[in-house]
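Note sheet for the following structure.
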Amino acid sequence: MAGVVVLVTADRRSAELAAALERRGARIRHAPALGIVPLAGDDALLAATRDLLADPPGTVVVTTGIGLRGWIEAADAAGLADRLLTVLAGARLVARGPKARGAIQAAGLTADWVAESETNGEIAQVLLDEGVAGRSIAVQHHGAGSDGLDEAFLAAGARVRSVVVYRWGPPPDPEALAAGVRAAADGEIDAVVFTSAPGASAWLDAAEA
């Protein structure tokens, strides 16, 4: 990758990605397409957490590493982290890909099953094939909120509770985003890196603006 110019559009953990590419000789430009709005003090998040502490789920679906880390941090700020970790340890933990599994392991827990395709579709298919009727499932969602998992499990007879830890927000630097789009259009960028579907969609929207 020596001399290759790469535009990194991610906000979360972009420094790690950029460093990995730079070690291989790439030149990095950074222009996040979306920002992250943490919900650490959000009443709805704390209410959802307390509900799960009072009535632990049998299965917890972890869709993003940053989401699980943020959830535990929010619980810690409210004095609930130890109880949350106990509940998670007692549940079947389903991870959407290696990043989610890594966050589970970093919390001292073990993922019982990992969707290697990193898709919600694989998670839904496997759990629905097993049968979810009558089961209690908690889903930690990514920044775009509902992703179809809740609806699929509810339709199959499960009791579903949603946990939204962060939301996608506007880009932290709109001018940098616009400049990155122009540079790509002008052939100054060799590769554009996306780490999420919402980020890719936001970047394409910026390109069409």
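Heads up: take any position in the sequence shown, counting from 1, add 19, and you land on this note's numbering. Beta carbons: idealized from backbone N, C-alpha and C, even for Gly.
Rounded distance between the beta-carbons of Q159 and V81, thought under 8 Å: As a working mapping, residue 81 is identified with position 62 in the sequence shown. As a working mapping, residue 159 is identified with position 140 in the sequence shown. About 5 Å separates the CB atoms of V81 and Q159; that is less than 8 Å, so the two are in contact.
Cβ distance (whole Å) where V133 is taken to contact G121 below 8 Å: Position 114 of the sequence shown, counting from 1, holds the residue named residue 133. Position 102 of the sequence shown, counting from 1, holds the residue named residue 121. Beta-carbon to beta-carbon, V133 and G121 are separated by about 10 Å, too far to satisfy the 8 Å threshold.
Start and end residues, alpha helix (DSSP H) containing V200: For this step, residue 200 is matched to residue 181 along the sequence shown. Where V200 is concerned, the enclosing alpha helix (DSSP H) starts and stops at 193-204.
Cβ pair L112, A130 closer than 7 Å: Locating residue 112 in the sequence shown gives position 93, where the first residue counts as 1. Locating residue 130 in the sequence shown gives position 111, where the first residue counts as 1. In this structure, A130 lies closer than 7 Å to L112 by Cβ.
Cβ-Cβ separation, G218 to T83 (assumed contact under 8 Å), whole Å: What you label residue 83 is simply residue 64 of the sequence shown in a count that begins at 1. What you label residue 218 is simply residue 199 of the sequence shown in a count that begins at 1. Wrong, their Cβ atoms sit about 12 Å apart, outside the cutoff.
Minimum C-alpha distance to R201 - residue among A21, A110, A100, R48: The residue given as residue 201 occupies position 182 in the sequence shown. With distances taken between CA atoms, R201 lies nearest to R48 out of A21, A110, A100, R48.
Exposed unless 16 or more other CB atoms sit within 10 angstroms - verdict on G86: Within the sequence shown, numbered from 1, the residue matching residue 86 stands at position 67. Buried, because 16 or more other Cβ atoms sit within 10 Å of the Cβ of G86.
Status (buried if at least 16 other CB within 10 Å, exposed otherwise) for V56: Within the sequence shown, residue 56 is the residue found at index 37, counting from 1. V56 comes out exposed.
C-beta atoms of R46 and V79 nearer than 7 Å: To locate residue 46, count along the sequence shown from 1; it is residue 27. To locate residue 79, count along the sequence shown from 1; it is residue 60. Cβ distance not < 7 Å, so R46 and V79 don't count as in contact.
Classification of G199 by the beta-carbon crowding that lies within 10 angstroms, buried from 16 upward: Translated into the one-based positions of the sequence shown, residue 199 becomes position 180. It is buried - the Cβ of G199 has at least 16 other Cβ atoms within 10 Å.
When L53, A114, Q124, A197 are compared against E141, the one with the closest alpha-carbon: Working through the sequence shown from its first residue, we reach residue 141 at position 122. Per the Cα distances, A114.
Meets three-Cβ-pair contact criterion under 8 Å: the region 63-74 and the region 176-194: Taking a contact to require three or more Cβ pairs closer than 8 Å, the region 63-74 and the region 176-194 qualify as touching.
Strand pairing of Q159, partner residues [DSSP]: Numbered from 1 along the sequence shown, position 140 holds the residue referred to as residue 159. Its beta-bridge partners are V81, V182.
C-alpha distance - P189 paired with W222, whole-angstrom precision: The count along the sequence shown starts at 1 and reaches residue 189 at position 170. The count along the sequence shown starts at 1 and reaches residue 222 at position 203. The alpha-carbon atoms of P189 and W222 are separated by roughly 11 Å.
Sequence-distant residues of the same chain with beta carbon closer than 8 Å to W90, five excluded per side: Taking the first residue of the sequence shown as 1, we reach residue 90 at position 71. The beta carbon of W90 is closer than 8 Å to those of L64, T68, L103, Q159, V182, V184 in its chain, skipping five residues each way along the sequence.
Buried versus exposed call for D30 [16 or more other C-beta atoms within 10 Å across all chains shown]: Here residue 30 refers to the residue found at position 11 of the sequence shown. Here D30 is buried: its Cβ has 16 or more other Cβ atoms, across all protein chains shown, within 10 Å.
G109 in three-state terms, based on DSSP: If you number the sequence shown from 1, residue 109 lands on position 90. In the structure shown, G109 sits in a helix (DSSP, three-state: H, G or I).
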